[in-house]
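**Q** Letter by letter, the sequence shown follows residues 35 to 231 in the working numbering. Yeah, the Cβ is synthetic: ideal placement off N, Cα and C, and Gly gets one too. Quick one: structure below, then a few questions.
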Amino acid sequence: MSGQDTLIVQTALKKHYTLSIAPYKGDKACAISYTFDDGLAEQYSLAAPQFEKRGFRGTFAINGSKINSDSGLITDTTRMSWSQVRDLSDRGHEISNHGWKHKNFARFPLEEIREDIYKNDSAIFANTGVVPRTFVYPNNNKKEEAKRIAVQNRVGTRTKQRSIGSKSTPQNLEAWVNTLIETNDWGVGMTHGLTYG
Ligand SMILES: [Zn+2]
35 MSGQDTLIVQ TALKKHYTLS IAPYKGDKAC AISYTFDDGL AEQYSLAAPQ FEKRGFRGTF
95 AINGSKINSD SGLITDTTRM SWSQVRDLSD RGHEISNHGW KHKNFARFPL EEIREDIYKN
155 DSAIFANTGV VPRTFVYPNN NKKEEAKRIA VQNRVGTRTK QRSIGSKSTP QNLEAWVNTL
215 IETNDWGVGM THGLTYG
């Protein structure tokens, strides 16, 4: 029961319940979310199957404007198609909003940012049947006034991340995980391309 907070709740019916709130699922020492940016095709073909093999699911932050249509005409082979995005969602992965056109909050007027965020929500919902409950900031820019729009109706947005990419080694990843365990922290990995990008 280590690390748990226990509280006694008295309901309106005067019944007492003892609730235990574990910091993480299964009362684990830490948590890690693996996020994949920009809807790259190999995240679908290479990463997702590896996660599933291990019983894990990932978070895939996509830009709707760059996703290939389902017409069969792939305009950008480095990006997923909407049917692949839908397939990921159906298989239990999370599809996160990364802005329709990946507009950096620092570089566009607020109204354009708002449209960019909402348009991507609509497209993801239309194609997967699920409204994205998280947001991943394009270029990790969290300019305050635009951030206030991005966080609306979300359970969370990505406010910290650790790049997992070409400079990662099994050793430095293990050191990261060990630190998370020691500090009971929630780590968020950020990956772009696996073999490109
Ligand atoms: Zn991005």
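Return the bridge partner residues of Met-224 from the DSSP annotation.
**A** Here residue 224 refers to the residue found at position 190 when the sequence shown is read from its first residue. Beta-bridge pairing links Met-224 to Thr-69 and Ser-197.
**Q** Could you check if Val-119 is buried or exposed, using at least 16 other CB atoms within 10 Å of its CB as the buried criterion?
**A** Along the sequence shown, one-based indexing puts residue 119 at 85. Buried, because 16 or more other Cβ atoms sit within 10 Å of the Cβ of Val-119.
**Q** Can you tell me whether Asn-212 is buried or exposed, with buried defined as 16 or more other CB within 10 angstroms of its CB?
**A** In the sequence shown, the residue the question calls residue 212 occupies position 178. Classification for Asn-212: exposed.
**Q** By a C-beta neighbour count over all protein chains shown, 10 Å radius and 16 as the cutoff for buried, is Leu-122 buried or exposed?
**A** Indexing the sequence shown from 1 puts residue 122 at position 88. With 16 or more Cβ atoms within 10 Å of its Cβ, Leu-122 is classed as buried.
**Q** Taking the CB atoms as reference points, tell me whether Asn-174 and Trp-116 lie closer together than 8 Å.
**A** Position 140 of the sequence shown holds residue 174. Position 82 of the sequence shown holds residue 116. The answer is no: Cβ separation not under 8 Å.
**Q** Restricting to runs no shorter than 4 residues, where is the alpha helix (DSSP H) found entirely within the region 85-132?
**A** 116-124, all fully within the region 85-132.
**Q** Does the beta carbon of Asp-150 fall short of 7 Å from some heavy atom of ligand 1?
**A** Taking the sequence shown and counting its residues from 1, one reaches residue 150 at position 116. Because no heavy atom of ligand 1 lies under 7 Å away, the Cβ of Asp-150 does not count as near it: no.
**Q** What residues match up with Gly-190 in a beta bridge as DSSP calls it?
**A** Here residue 190 corresponds to residue number 156 of the sequence shown, with the count starting at 1. Partner(s): Thr-168.
**Q** Contact between the region 101-111 and the region 124-143: three or more CB pairs below 8 Å?
**A** As far as the Cβ criterion goes, the region 101-111 does not touch the region 124-143, which means the pair count is below three.
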